[in-house]
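I have placed the structure first, in the form of structure tokens, so that the comments after it can refer back to it.
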Amino acid sequence: EDQVTQSPEALRLQEGESSSLNCSYTVSGLRGLFWYRQDPGKGPEFLFTLYSAGEEKEKERLKATLTKKESFLHITAPKPEDSATYLCAVQAGGYGGATNKLIFGTGTLLAVQP
Amino acid sequence: NAGVTQTPKFQVLKTGQSMTLQCAQDMNHNSMYWYRQDPGMGLRLIYYSASEGTTDKGEVPNGYNVSRLNKREFSLRLESAAPSQTSVYFCASSGTRGTGELFFGEGSRLTVL
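Each protein sequence line maps, in turn, to chains P and H. Quick note, in the working numbering, the first sequence goes up one by one and the last residue is 169. Quick note, in the working numbering, the second sequence goes up one by one and the last residue is 1017.
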């Protein structure tokens, strides 16, 4: 069964304290792994797509990396405005090409204190 | 730039009542989706429409129906609401077939008493 697990469930950091969020997955043929950010009361906002092991993507203080079993979202010198829930999702090869079925993890709630 | 717009933002229903959640996107996207988000469960796909005129079931379709009214609009209907349908509902769209880059609306919070 295709599955996505995110850890930790919640993370509290001091401003400037770097850390990483984990997304481990088991899928039948990974087509893509996606990171989203979700602010309270809002819909998820797309951040990154990773397609193959070894790939990395960066955006401001965020860097996403991918291995064959997991992805990390590294947050360097976070600021309070980085506080949000970060969602990981995978697209499996078992689904037809006509669909964008994503399997979402339950997210990591990040709080960055000033 | 409105993106994906959902209405209503909040709704309280009694068990057995019906209602329709509306969604419209102004990005000329072909594909649209309805997800529900529950604590500890993650986002789960209810129905999707790969293109105008087509709809397909997702992971949790029971108790719901959808209509792709035109390229812009995709509605979700609860014919007889149940407490288990209390959730936050998100509509999303994507422009490229097969991409996982979705654009989400702000959500509709539904409570069924």
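Quick reminder that beta carbons are idealized off the backbone N, C-alpha and C, glycines included.
With a cutoff of 8 angstroms on beta-carbon distance, residue 959 (chain H) and residue 951 (chain H) are scored as near each other. Contact with chain P is found for residue 1004 (chain H), since one of that chain's Cβ atoms lies less than 8 angstroms from the residue's Cβ. In this structure, residue 1012 (chain H) and residue 1006 (chain H) do not form a Cβ contact; the two beta carbons are roughly 16 angstroms apart against a cut-off of 8 angstroms. For the stretch 123-147 of chain P, residues whose beta-carbon sits nearer than 9 angstroms to a beta-carbon of chain H comprise 142, 144, 145 and 146. Leaving aside the five residues that flank residue 982 (chain H) on each side, the residues in its chain whose CB is nearer than 7 angstroms to its CB run, in chain order, 922, 923, 967, 968 and 989. Spanning the alpha carbons of residue 908 (chain H) and residue 992 (chain H) requires a straight line of approximately 15 angstroms. When Cβ-Cβ separations below 8 angstroms define contact, residue 999 (chain H) makes no contact with chain P. Any Cβ of chain P closer than 8 angstroms to the Cβ of residue 949 (chain H) would place that residue at the interface, and such an atom is present.
Residue 125 (chain P) and residue 927 (chain H) have their alpha carbons spaced roughly 34 angstroms apart. Among the CB atoms of chain P, none fall inside 8 angstroms of the CB of residue 931 (chain H). Neighbours of residue 104 (chain P) across chain H, judged by C-beta separation under 7 angstroms: 1004 and 1005. For chain P, none of the residues of the stretch 964-984 of chain H brings a beta carbon within less than 8 angstroms of one of its beta carbons.
For residue 118 (chain P), the closest Cβ of chain H is not nearer than 8 angstroms. For residue 112 (chain P), the nearest beta carbon of chain H is not closer than 8 angstroms to its own beta carbon. For a Cβ distance threshold of 9 angstroms, residue set 59, 61, 142, 144, 158, 159, 160, 161 and 162 of chain P lies close to residue 946 (chain H), ordered along the chain. For residue 946 (chain H), the enclosing beta strand (DSSP E) begins and ends at 946-953. DSSP assignment within the stretch 912-990 of chain H yields the following whole beta strand (DSSP E) runs of 3 residues or more, N-terminal first: 914-917, 923-929, 935-942, 946-953, 968-972 and 978-982.
Straight across, the Cα-Cα distance linking residue 1014 (chain H) with residue 86 (chain P) is about 33 angstroms. Beyond the five residues adjoining it in sequence on each side, residue 116 (chain P) comes within less than 8 angstroms, by CB distance, of 130, 131, 132, 133, 134 and 137 in the same chain, given in chain order. The C-alpha of residue 75 (chain P) lies about 22 angstroms from the C-alpha of residue 82 (chain P).
For the options P:102, P:100, P:120 and P:99, the alpha carbon positioned closest to that of residue 109 (chain P) is the one of P:120. Distances from the alpha-carbon of residue 147 (chain P) to those of H:995, H:994, H:977 and H:1004 put H:1004 closest.
Taking C-beta atoms as the reference points, residue 163 (chain P) and residue 66 (chain P) count as a pair closer than 8 angstroms.
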